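Enquirer: Input: one structure, supplied below.
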Amino acid sequence: MSQLFLLGINHDTAPVDLRERLNFSEGDLSETLVALSTRPGCGEAVVLSTCNRVELYVRCDDLGEARTELTRFLSDFHGVDPAALAPHLYSLASSEAAQHLFRVAAGLDSLVIGEPQILGQVKEAYTTASENGCTGSLLNKLFHCSFAAGKRVRSETELGEGAVSISYAAVALARKIFGNLADHDVLLVGAGEMSELTAVHLKAQQVSRIVVINRTAAQAENLAKKIGGEAIPWTEMQQVLATTDVVVTATGSPAPIITSSQVEAVMRTRRNRPLFIMDIAVPRDVEASAGTIEQVFLYNIDDLQGIVSENLARRSAQITKAEVIVAEEVNGFMTWLRSRRAVPTLVALRQRFEVIRQAELKRLEQKLASLAPADRARVEDVTRLIVEKLLSTPTERLKELSNAETVRMYGDALNQLFDLESSQVPSEQPDDQVVASPKSSVQKTSVPS
Amino acid sequence: MNIAPLLLYVAASIAYGWHFMKRSSRGGRTATSFLVAATLVHTFIIGMQTTEIGHLPLVGTTGALSVFVWLSSIAYLYTETTSNERSMGVFIAPLLVALQVIPTVSRYEVAVRPPVLESPWFVLHISSLLFAYASFAIACVIGITYMLLFKELKAKHVGFFYNRLPSLQILDVMNMRAITIGWLLLTIGVAVGGVWALQAQAEFDDPRVQAMSVLDPKIFIALLCWVVYSFELYARRSVGRTGWRAARFSIIGFAIVLLNFLPVGYFLTRTHNF
C-alpha cells in the first residue's frame, strides 16, 4: 500500500549554510521532480524549497527505503556528505507528514510565526510539481487540503496580524496616520543601518520622496544613492521638517538634535498637518516633550519595540486556535486517506461484477440480436445501472471504514464471498475515478494518475 | 408595522457591534443587509404616509424625527458604500435606534400641514435642514472614531481601535466632507426659512408666524449651528487642518442639533412648533 512520506530540513534543524547548499534553484526543480517521482517505489513528488526549508513530499511503498533513497538523492544532488546531512534531517510519514505540511502552510512552522509568504510558496511548489506531471491523487489531495488549512488559519485566527519587526511596525503606524503614503515625503536623519532598513520598507510603500540628512554630508550622499533618495545639507533641517510628514531619526548624537521648540515652530509652518517622528536612536535624538504637541506623533525605539512585543504576544495567543484548525484539516485528510485503503477491494469487486455482466450479455447475444440497435443500447444501459445501484451502498460503506483492521476483514470477506482472487487484476496504482460513488465529493480534487 | 424599522435598526446595531468586536466580514455584511432592510421598510412607511397626506410627513417634531432617522440611514449607507468602511456602523446604528424609539412608541398621528405651511418652500426648508442634520450626525460619528484612534496613537498603546478603524487621514477627509455637505444644506435651509418667514408674516395672521424671530429657540439654535460649522470650515482654511479640532467641532455641533430636536422641539419652542 502506498504511503505519504516527507523528508526535509528547516531553520530549526539546520544552520543557514547547510540550507543554502540544499536549496533547489528554480532551474533544478523540474529535473528533480521528475527524477524523484520516477524512482522505483516513489510515485509522486513535490519539492518545497524556500530560504528557510527544503522538504520533499513523496508517495512511496516502503518508508525505510524511501528515507534512504531520498537522503541519498539529496546528498548526491547537492554534493553534501550524507553523514553530515543525516543529523539535520527530519522524516515524517502519513498523518504526521500531513500535519507538518498543514502547519507549514498555516505559518505555524515559520521563523516568524504567521508570516504570510509561506502559503504562496507552498502553492508554487505544488503547481510546479503538478505542471511537471509529478503529482497524483495522493499529493493533489494533500496539497489542496494544506491550502485550505492555510486559508482557514489566516481568515479564522489573527495569527498573521500586526507588525512583528520594528521597521514594519513603523510603516504600519505611518499608514494608520496618513493612509496612503504615496504623496508623503520621508526624512531620514542620520545615515546608519537602522535608517536604511526603515527607508527600504517605506520605499516599498511608494513614498513620494526620501530625503537624507546627516552631519557628515558624504555619508548622507552614500545612503541617498543607495536607497534612491536625495541628500540635503544639515543646515536645511528646519525647512525640510516643514515639508516632510514622516521623520526617522537614528544618529549617534549624545544630545537631542531636534528640540521641542523646533518642532513647535515647524508645526506652525506646517499648518498643523500631522507629523510622525520615529526616534530609533539611543540616546534619543528628539526631545520627548515634542510628543505632547497636538499633531505630533513621536515614537521612540521602546514604543516601537512595545508594539512589536504586543503583536508577537497576540500572535502566540492565536497558536492554539490555529493548531485546532490544522488538526481538523488533518483529520479530514486522514479520513479521505483511509477511504482509499478500501480502493483495491472496490476495484476488484467492480471488475468482478462487470465481468459477470459482460458474460451474461454475451450469453444472451443471440436472443438480443433481433432487437433494434436502440433497444440493445437500452439493455446495455439498464444492466450497467443495476450493477451501479447494487454496488453503491457497499462502496460508500467501505469508504467510511476508518480502522485498517476492519478494512482488511471486510476485504477478506468480500474476496471469499465473491471469489475476487480469481478475477483480480493487479491494482498497483489504484485509480480513484474507477470507484466513483454517488458520494464522491471527497474525490473532486483527484486526478487519474 | 411602525415597529418593523426599529427592530431592523436594532438588529443592524447588534450585527455592527459583532462585526466591530470580532472583525468578522460576515458580520459586516449581515449588518449592512439589516440596515438596508430597515431603510427600505422605513422608506415604505414614509411613502405610505406621504400618499396619505399628500406631502412628506414633516409636520411636527415626531414625524420629522422619523424622517431624520431615515435620511441619516441613507446618508450612512452612502458613506459606507463609497468608502467601503463598515467600522462606523457600530456608532451610527445605535443612534438611529435611540432616535427611532420616539416616533415608534409615541403613536403619533401623521399630521397634515396647516394652511400656513402650504408653500413650495415647506419641503425644501425642512428636507434640506433634515439632510444637513443627518450629515452632521455622520460627521459626529466619524469625529468620535477619529478621537478614539487619535488618543490611542498618541498614547502609543495601539491595539483595539488601531486594528478596527481606517487611518486618521481617511477619517479626517470623511469628516470634512460630511461637514461641508451639511453646512451647504444648512445654509440653504436657513436661507429658505428666512425668506419664507418674511413672506408668511405678510400673508398670514397666525400668531406663531407673527412671533417668529431670531430669538425663537429653534431658529436661534439652527443659527448657532451654522456659526459653529462655519467657524470650523473657516478655521480649516486659515489656521490649517487639524483633524482633532474638526472632530471636536463635529461632536459639539451635533450635540446642538440634538438639543434642537429633542428638548427644544418638544418643550421650549412656542412659535416654531409645527
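Going down the list, the sequences are from chains F and A.
FYI, in my numbering the residues of the first sequence are 1 to 449.
FYI, in my numbering the residues of the second sequence are 1001 to 1274.
Every residue, glycine too, gets a C-beta built ideally from N, C-alpha and C.
Note that the structure is a prediction, hence the values are computed from the model and not measured.
Grab me the residues of Ile1014(A)'s own chain with a C-beta within less than 7 Å of its C-beta, minus the 5 sequence neighbours each way, in chain order.
Expert: No residues qualify anywhere along the chain.
Enquirer: Could you tell me if Ala1255(A) is buried or exposed, where buried requires 16 or more neighbouring beta carbons within 10 angstroms of its beta carbon?
Expert: Exposed, since its Cβ has fewer than 16 Cβ neighbours within 10 Å.
Enquirer: Of all the options Gly228(F), Leu63(F), Asp245(F) and Ile258(F), which has the alpha carbon lying nearest to the alpha carbon of Trp234(F)?
Expert: Among Gly228(F), Leu63(F), Asp245(F) and Ile258(F), the Cα nearest to that of Trp234(F) is on Ile258(F).
Enquirer: Just the C-alpha distance for Asp279(F) and Leu197(F), rounded to the nearest angstrom, thanks.
Expert: The alpha-carbon atoms of Asp279(F) and Leu197(F) are separated by roughly 14 Å.
Enquirer: With 16 as the cutoff for other CB atoms within 10 Å, does Thr249(F) come out buried or exposed?
Expert: Under this definition Thr249(F) is a buried residue.
Enquirer: Which stretch, first to last residue, makes up the beta strand (DSSP E) that contains Cys60(F)?
Expert: Element bounds for Cys60(F): Arg53 to Cys60.
Enquirer: Are the Cβ atoms of Leu451(F) and Leu349(F) separated by less than 7 Å?
Expert: Because chain F is modelled from 1 through 449, residue 451(F) falls outside the range shown and cannot be assessed.
Enquirer: Give the secondary structure of Cys1074(A) by DSSP, where H, G and I count as helix, E and B as strand, and everything else as coil.
Expert: Looking at the sequence itself, residue 1074(A) is Ile, so the reference to Cys does not match. Helix at Ile1074(A).
Enquirer: What are the boundary residues of the beta strand (DSSP E) that includes Val47(F)?
Expert: It spans Cys42 to Ser49 - the beta strand (DSSP E) in which Val47(F) sits, taken as one unbroken run.
Enquirer: Near Met454(F), which residues of its chain fall below 7 Å by C-beta distance, leaving aside the five closest residues on each side in sequence?
Expert: Here chain F comprises residues numbered 1 to 449, so residue 454(F) is not present and cannot be evaluated.
Enquirer: Find the residues of chain A that neighbour Arg175(F), judging by a C-beta separation of less than 8 Å, and give them in chain order.
Expert: Under the 8 Å cutoff, chain A gives Ser1167.
Enquirer: Note down, in chain order, every chain A residue with its Cβ under 7 Å from the Cβ of Tyr168(F).
Expert: None at all; the shortest Cβ gap to chain A is about 13 Å.
Enquirer: Closer than 8 Å by beta-carbon distance: list the chain F residues that pair up with Ile1170(A), in chain order.
Expert: Neighbours of Ile1170(A) on chain F, chain order: Gly179.
Enquirer: Would you kindly work out how many angstroms separate the C-alpha atoms of Ser441(F) and Trp336(F), rounded to a whole number?
Expert: In this prediction, Ser441(F) has a pLDDT of 38, which is less than 50 and means its spatial position is unreliable; nothing more can be read from the coordinates.
Enquirer: Can you tell me which of the three DSSP states Gly332(F) falls into?
Expert: The answer is helix: DSSP assigns Gly332(F) an H, G or I state.
Enquirer: Counting beta carbon pairs with one atom in the stretch 101-120 of chain F and one in the stretch 144-153 of chain F, are three or more of them shorter than 8 Å?
Expert: Short answer: they touch.
Enquirer: What runs of the beta strand (DSSP E), each 3 residues or longer, lie entirely inside the stretch 256-286 of chain F?
Expert: Entirely contained in the stretch 256-286 of chain F, the beta strand (DSSP E) runs reaching 3 residues are, in chain order, 275-279.
Enquirer: Contact criterion: CB-CB distance below 7 Å. Does Thr1145(A) meet it with respect to chain F?
Expert: Not closer than 7 Å to any Cβ of chain F, the Cβ of Thr1145(A) fails to qualify, so no.
Enquirer: Identify which residue in Arg67(F), Arg271(F), Ser146(F) and Ile301(F) has its Cα closest to the Cα of Ser167(F).
Expert: The candidate whose alpha carbon is nearest that of Ser167(F) is Ile301(F).
Enquirer: What do you get for Asn10(F), buried or exposed, if any count of 16 or more other CB atoms within 10 angstroms of its CB means buried?
Expert: Buried, because 16 or more other Cβ atoms sit within 10 Å of the Cβ of Asn10(F).
Enquirer: For the stretch 307-323 of chain F, which residues have a CB atom closer than 8 Å to at least one CB atom of chain A, in sequence order?
Expert: Residues passing the 8 Å Cβ filter: Ile307 and Glu310.
Enquirer: In the stretch 1099-1158 of chain A, which residue ranges form an unbroken alpha helix (DSSP H) of at least 4 residues, counting only runs that do not cross its ends?
Expert: Runs found: 1120-1154.
Enquirer: So, does the CB of Asp303(F) fall closer than 7 Å to a CB anywhere in chain A?
Expert: Output row for Asp303(F): interface = yes.
Enquirer: Which whole-angstrom value is the C-beta distance of Glu55(F) and Gly120(F), which I expect to be below 8 Å?
Expert: With a Cβ gap of about 16 Å, Glu55(F) and Gly120(F) do not count as contacting.
Enquirer: Given a cut-off of 7 Å on the beta-carbon distance, is the pair Phe1131(A) and Gly1253(A) in contact?
Expert: In this structure, Gly1253(A) does not lie closer than 7 Å to Phe1131(A) by Cβ.
Enquirer: Any C-beta of chain A within less than 8 Å: which residues of the stretch 247-273 of chain F qualify?
Expert: Residues Arg270, Arg271, Asn272 and Arg273.
Enquirer: Using Cβ-Cβ distances below 7 Å, what residues of the stretch 280-294 of chain F are close to chain A?
Expert: Listed by position along the chain: Glu294.
Enquirer: When we look at the beta-carbon of Lys141(F) and count the other beta-carbons within 10 Å, is it buried (16 or more) or exposed?
Expert: Buried, by the Cβ-count rule.
Enquirer: Report the CB separation of Leu1077(A) from Thr1039(A) in whole angstroms; it is logged as a contact under 8 Å.
Expert: Yes, they are in contact, since the Cβ atoms of Leu1077(A) and Thr1039(A) sit about 6 Å apart, within 8 Å.
Enquirer: Given a threshold of 16 other Cβ atoms within 10 Å of its Cβ, counted over all protein chains shown, does Val1257(A) qualify as buried or as exposed?
Expert: It counts as buried.
Enquirer: Is any beta-carbon of chain F found at less than 7 Å from that of Lys1022(A)?
Expert: For Lys1022(A), the answer is no, since every Cβ of chain F falls outside 7 Å of its Cβ.
Enquirer: Which of the three DSSP states is assigned to Phe297(F) in this structure?
Expert: In this structure, Phe297(F) counts as strand in the three-state DSSP scheme.
Enquirer: Return the CA-CA distance between Ile1221(A) and Gly192(F), expressed in angstroms with no decimal places.
Expert: Approximately 58 Å between the Cα atoms of the pair.
Enquirer: Under a three-way DSSP split, which group does Ala1197(A) fall into?
Expert: Note: Ala1197(A) maps to helix in three-state DSSP.
Enquirer: Leaving out five residues on either side along the sequence, give the residues of the same chain with a beta carbon under 8 Å from the beta carbon of Asn311(F).
Expert: Glu161, Gly162, Ala163, Val164 and Ala169.
Enquirer: Does any residue of chain F bring its CB to less than 7 Å from the CB of Leu1153(A)?
Expert: Closer than 7 Å: yes.
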